[in-house]
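*Asks:*
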Amino acid sequence: MGWQGAAWLEREEREREERGSLLLKELALRPGLDVADVGAGTGYHARRIAPRVAPAGRVYAVDVQPQMVAMLARLAAQPGLENIVPVQASASDPGLAPASVDLALMVDVYHELEYPHEVLGALVRALRPGGRLVFVEYRAEDDRVPIKPLHKMSEAQIRREAALHPLDWERTADTLPWQHVVIFRKR
């Protein structure tokens, strides 16, 4: 999504439609975790994750679009969100240091990547041993999901692409109305 769609990311009905609060439960967040919100956009999820990993944990809010990074930095400039670190990524590199995060999250992002294999490889390197990589994508298997097919991914497709990296599938949660949450752990 281009930065021009930022208002859609911040829409009032997003929680009702996508149930991001359920996603937060699936992530098993706790104080001290370092999290990368990859393709963070406006920082919608980063702002909800930050208080749950504070005070010692950081949230790296990663985006490839400078306009989105500037927007998320502005929206995160409020008390209680000092642990959000905006990160300018490139199309092939999320810009995270090796072994710097415990959890990397991509919400409706992976299907948009220009260089998915390279980005996934960089994310695996950024994970600490045993770290988790979480894909949240609109379910291609479900015709009732009101999203264009090019913005959907099947669980099988996600698992095939992740299998090319040192990741083990841990579980898939279908607790969200339209998206699956596919969780992998770094070997």
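Following the numbering used here, the numbering of the sequence shown begins with 6 at its first residue and continues without gaps.
We put the CB at the ideal spot given by N, CA and C, even for glycine.
#1: Is the beta carbon of E146 closer than 9 angstroms to that of Y115?
#2: From what residue to what residue does the alpha helix (DSSP H) around H50 run?
#3: I need the DSSP call for Q184, collapsed to helix, strand or coil.
#4: Ignoring anything shorter than 4 residues or poking outside the region 105-157, list the alpha helix (DSSP H) runs there in chain order.
#5: So the candidates are R24, S26, L77; which of them puts its Cα closest to the Cα of V43?
#6: With DSSP as the reference, identify every bridge partner of Q93, one or two as the case may be.
#7: Taking G48 and A75 to be in contact with their CB atoms under 8 angstroms, please state how far apart those CB atoms are, rounded to whole angstroms.
#8: In its own chain, which residues sit with a C-beta less than 7 angstroms from the C-beta of L86, not counting the 5 before and 5 after it?
#9: For R130 and K153, what's the separation of their Cα atoms in angstroms?
#10: Helix, strand or coil: how does DSSP classify A41 here?
#11: According to the neighbour-count rule (16 or more other Cβ atoms, all chains shown, within 10 Å of its Cβ), is D107 buried or exposed?
#12: First and last residue of the beta strand (DSSP E) that includes A178?
*Replies:* Reading it off the structure:
#1: Here Y115 is not near E146, since their CB atoms are 9 angstroms or more apart.
#2: Here the alpha helix (DSSP H) through H50 covers 49-58.
#3: Residue state, collapsed to three classes: strand.
#4: Within the region 105-157, the complete alpha helix (DSSP H) segments at least 4 residues long are 121-131, listed from N- to C-terminus.
#5: Of all alpha-carbon atoms in R24, S26, L77, the one lying nearest the alpha-carbon of V43 is that of L77.
#6: According to DSSP, which records beta bridges pairwise, Q93 is partnered with D68.
#7: So it is not a contact: roughly 11 angstroms between Cβ atoms.
#8: Contacts found: R52, A55.
#9: Roughly 32 angstroms between the two C-alpha positions.
#10: Strand, per DSSP.
#11: So D107 counts as buried.
#12: Where A178 is concerned, the enclosing beta strand (DSSP E) stretches over 172-178.
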